[in-house]
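The opening position of the sequence shown corresponds to residue 60 in the working numbering, with each subsequent residue numbered one higher.
Just so you know, even glycine gets a beta-carbon here, dropped at the ideal spot from N, CA and C.
Note that this is a predicted model, so its numbers are computed, not measured.
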Amino acid sequence: LRVLVDQVASLTDASAQEWHANLCGAAFG
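In structure tokens:
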């Protein structure tokens, strides 16, 4: 279970960074 959680966390971390960059790009133009 721990390994699965770590895998999901690393996957979502990458997409979260991309989402955050898009959000900041939209917010700060």
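In the three-state reduction of the DSSP assignment, residue 70 falls in the helix class.
In the displayed model, residue 63 falls within a helix according to three-state DSSP. Its chain contains no residue whose beta carbon lies nearer than 7 Å to that of residue 67 once the 5 sequence neighbours on both sides are disregarded.
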